[in-house]
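Everything on this sheet refers to the single structure shown next.
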Amino acid sequence: MTSLQQRLRGLPTADLQGIRRGIEKESLRAQAGGGLALTPHPVALGSALTHPNITTDFSESQLELITGVHADVTSCLEELTQIHQFVYREIGDELLWVGSMPCELPADETIPIGSYGASNVGRAKSIYRMGLGHRYGRRMQTISGIHYNWSMPGVSTDAYFALIRNFRRHSFLLLYLFGASPAVCSNFVAGREHRLQRLSDNTLHMPYATSLRMGRLGYQSDAQATLSVSYNGLDSYGASLHDALTRPYPPYQALGIFNPGGEYNQLATSLLQIENEFYGTIRPKRVIRPGERPLHALRERGVEYVEVRCMDLDPFEPVGIGAGTIAFLDVFLLHCLLADSPPDTPDEIASLARNQHRTAERGREPNLLLERGRHEMTIAEWGTRLLEECAAIAAVLDAVKGGSSHRDALASAAVGLRDPECLPSAGVLNAMREKHDSSYTGFVKACSERIKQILTQRPFSAEMQTRFSRLATESVEEQQRIDGADTVPFEEFRQQYLSPLRLVV
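Numbering (this note's numbering), first residue to last: 220 to 724.
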């Protein structure tokens with residue numbers, strides 16, 4: 220019996236029943252014609268600062284829809300669906316863009332940054348986004364995806380870091396199976412160097428790509444590439460993050476905190492302004508207290524859950540992710556937790572980054588090789604081995620939860636490993652070619668219109684409308700209270716919040 224199987228047998232049924240998940244889903248608001256909606260965050264949706272389910276990500280035009288914590292997949296997806304239904308009823312003729320890569324964008328400087336009111340905390344959120352725009356360009360920030368939050372009772376901080384190390388080793392499989400961004404509107408890369416191939420007048424692609432969002436065009440940063448963050452434990456992770464949050468970075472020092480007119484350019488001149496700026500396929504997380512720094516919370520109270528950040532929006536699914544994908548994620552994350560997880564090394568960290576880029580940009584290429592230690596292995600061979608190791612986990616989860624959803628998810632993944640044409644990324648390109656004159660914008664616009672129709676025609680009770688309307692009203696009232704409660708000038712607030720002393724226990 221392998222150590223994985225021994226650990227699986229040793230798991231209490233109550234812990235498996237106690238698995239919890241939640242979803243955060245980003246989507247651009249788009250005009251009916253396929254361009255970015257430049258309207259403010261709709262008043263009827265409430266305050267982006269304080270609403271528990273509906274906020275914005277980088278842009279005023281980029282909604283982020285957030286579920287609560289759920290014990291089962293069905294209720295999680297049902298809540299996400301209800302949030303979508305309410306949003307669709309309040310945005311008029313606008314669409315929720317169902318592709319990860321953005322719709323047609325205006326000039327970079329006219330992409331609106333999220334606005335969160337006049338309070339110190341609200342201003343800080345907007346200035347942080349201004350800094351992101353200066354550092355990476357606003358276009359990159361309009362890329363959207365799904366974040367999947369996952370926890371299980373009885374998992375220690377060290378065990379969560381072991382999970383994270385294995386996740387980083389094996390996340391190529393998620394990009395391969397569920398990547399759905401092989402093409403992009405050509406104006407996304409206007410003025411930038413790239414290796415994309417032209418598919419039509421307004422569309423670029425890479426023929427074997429799975430997820431351009433997770434490749435060099437996506438959330439990548441030359442500055443952050445200088446970081447070699449270790450996930451061997453909270454101490455090493457915390458030290459790496461602490462350094463990035465406090466070390467001045469010359470190009471950002473040159474940019475300065477203020478512009479010549481005295482307005483803020485960014486929150487800080489360090490390599491990272493705040494913790495959320497650190498990009499990664501997965502993050503250790505903990506719910507923070509009001510005003511608390513996330514790194515302080517982790518150092519003081521340990522890891523509470525993990526946030527999976529590498530999932531594309533699936534344009535074929537009404538809310539961007541389906542029940543089968545979630546079932547696979549649950550099996551995959553449990554495998555990452557239970558399998559042996561040796562310490563990472565700088566060489567391995569660099570190798571994993573290369574594997575990520577290869578899979579994102581060339582994942583469906585026949586016989587593509589990934590680095591596995593000192594050897595190389597095809598995605599199909601490596602992925603098949605992982606699925607074989609996951610089989611016992613899927614069987615146990617099905618026994619605990621009932622049904623066969625986890626084994627079905629593995630069977631579907633096995634089909635994708637045998638036949639790349641069955642993958643979402645291939646489906647996107649095929650649909651573009653066959654039905655939309657090879658136009659990325661045309662394809663995603665049609666999907667967005669279809670999904671809006673599906674969800675607006677689905678039953679939505681008056682009680683549900685009343686509940687979401689009440690949440691919106693309460694969020695506005697809460698923001699007004701926060702706006703009037705500040706007792707210190709913003710600059711004093713900024714310096715206090717960013718003090719290195721607030722990062723330590």
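The beta-carbon is built from N, C-alpha and C at its ideal position, and this holds for glycine as well.
| Asked | Found |
| --- | --- |
| Limits of the unbroken beta strand (DSSP E) element including Ile273 | 273-275 |
| Rounded straight-line distance, which links the Cα of Leu674 to that of Thr500 | 30 Å |
| Buried versus exposed call for Asn586 [16 or more other C-beta atoms within 10 Å across all chains shown] | exposed |
| Other residues of its chain near Leu486: CB distance less than 6 Å, five sequence neighbours each side excluded | Ile346, Tyr347, Gly350, Gln492 |
| Ordered list of beta strand (DSSP E) runs contained in the region 438-505, each at least 3 residues | 501-504 |
| Cutoff 7 Å: His260 Cβ touching any chain D Cβ | The structure shown contains no chain D; it is built from a single protein chain. |
| Contact the region 564-583 vs the region 392-400: 3+ CB pairs below 8 Å | yes |
| Extent of the continuous alpha helix (DSSP H) run through Val663 | 659-676 |
| Supposed contact pair Trp369 and Tyr524 - C-beta distance, whole angstroms, cut 8 Å | 6 Å |
| Cβ contact check for the region 660-668 and the region 425-444: 3 or more pairs under 8 Å | no |
| Neighbourhood of Pro565 by C-beta distance below 7 Å, restricted to the same chain and skipping five residues each side | Ser447 |
| Segment limits, beta strand (DSSP E) that includes Ser370 | 365-370 |
| Residues near Leu552 in its chain [Cβ-Cβ closer than 6 Å; skip 5 each side] | Trp369 |
| Whole-Å CB distance - Val550 paired with Leu616, under 8 Å assumed | 6 Å |
| With 16 other Cβ atoms within 10 Å as the buried cut-off, status of Asp563 | buried |
| Span of the beta strand (DSSP E), counted from its first residue to its last, around Tyr524 | 524-530 |
| Where the alpha helix (DSSP H) containing Arg626 begins and where it ends | 624-637 |
| Chain-order list of residues whose beta-carbon lies under 7 Å from that of Gln744 (same chain, five-residue window excluded) | The first residue shown for the chain is 220 and the last is 724, placing residue 744 beyond what the model contains. |
| Neighbourhood of Ala569 by C-beta distance below 8 Å, restricted to the same chain and skipping five residues each side | Ser447 |
| C-beta atoms of Gly253 and Cys322 nearer than 7 Å | yes |
| Alpha carbon of Ala442 to alpha carbon of Tyr468, nearest angstrom | 8 Å |
| Option in Val707, Arg357, Leu717 with minimal Cα separation from Ala337 | Val707 |
| Straight-line gap, Thr300 to Tyr367 (C-alpha atoms, nearest Å) | 15 Å |
| Neighbourhood of Glu313 by C-beta distance below 8 Å, restricted to the same chain and skipping five residues each side | Arg248, Ala249, Gln250, Ala251, Ala256, Thr258 |
| Check whether Leu548 and Ser363 have beta carbons under 7 Å apart | no |
| Span separating the alpha-carbon of Thr422 from that of Gly434 | 17 Å |
| When Ser631, Ser688, Val292 are compared against Gly621, the one with the closest alpha-carbon | Val292 |
| Rounded straight-line distance, which links the Cα of Gln360 to that of Thr692 | 29 Å |
| Distance, Pro271 Cα to Arg700 Cα | 16 Å |
| CB of Gln698 within 7 Å of CB of Ser278, strictly | no |
| Host alpha helix (DSSP H) of Arg721 (start-end) | Looking at the DSSP string, Arg721 is not in any alpha helix (DSSP H), and its letter there is neither H nor E. |
| Segment limits, alpha helix (DSSP H) that includes Ala650 | 643-654 |
| Extent of the continuous alpha helix (DSSP H) to which Cys555 belongs | 542-557 |
| Contact check, Thr275 vs Gly333, beta carbons under 7 Å | yes |
| Collapsed DSSP secondary structure at Val340 in the structure displayed | helix |
| Glu595 - containing beta strand (DSSP E), residue span | 594-597 |
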